[in-house]
Amino acid sequence: MLTPEHYKNVFQQAHRAGSPHFTIIARNNSLSHPRLGLAVPKKQIKTAPARNRFKRLARESFRNKQHHLPNKDFVVIAKKSAQYLSNDEIFKLFDKLWQRLSRPSRG
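Last residue of the sequence shown: 107 (full-length UniProt numbering), numbering continuous.
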């Protein structure tokens, strides 16, 4: 996702799946594919290498799962503790949250 309007749109009436380390917010889009947005604040993850690592892992996880995801816009929001997880732990958490958000929404 590229513009602030896209992000703002996702935050309204969104489905949320979270862990203690990061949250994924999702909202249906009218496109034929899912899209990813990242919010990794400096306030949460202080150093640029740690922020970049988290974003790289988030993009890779999304890239691997995007063909199984519904047509939604997803925004990943990092929390402080995300920087202390190993790559494997981050991928496992992402897998669990992608699965949760892929279920048909109730209501």
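All residues carry an ideal CB built from backbone N, CA and C; glycine is no exception. Model, not experiment: these values are computed from the prediction.
Mark residue i as exposed unless 16 or more other C-beta atoms lie within 10 angstroms of its C-beta, in which case mark it buried.
{"i": "serine 32", "result": "exposed"}
{"i": "leucine 36", "result": "buried"}
{"i": "leucine 101", "result": "buried"}
{"i": "arginine 103", "result": "exposed"}
{"i": "alanine 48", "result": "exposed"}
For my contact list, residue i and residue j are in at a C-beta cut-off of 8 Å; report their separation, rounded to the angstrom.
{"i": "asparagine 29", "j": "lysine 65", "result": "Incorrect: roughly 16 Å between the Cβ atoms, too far for contact."}
{"i": "alanine 26", "j": "phenylalanine 74", "result": "5 Å"}
Pull the bridge partners of residue i from the DSSP assignment, please.
{"i": "lysine 72", "result": "Asn28"}
{"i": "leucine 36", "result": "Phe74"}
{"i": "histidine 15", "result": "Ala26"}
Output yes or no for whether 9 Å exceeds the beta carbon distance between residue i and residue j.
{"i": "phenylalanine 22", "j": "valine 76", "result": "yes"}
{"i": "leucine 2", "j": "proline 34", "result": "no"}
{"i": "glutamine 44", "j": "lysine 80", "result": "yes"}
{"i": "arginine 51", "j": "lysine 42", "result": "yes"}
Query raised in the report: So does the region 82 to 91 actually touch the region 11 to 18, counting three or more Cβ pairs closer than 8 Å?
Result: no
Requested in this report: Please confirm if the region 90 to 106 is in contact with the region 51 to 68, defined as three or more CB-CB distances below 8 Å between the two stretches.
Outcome: yes
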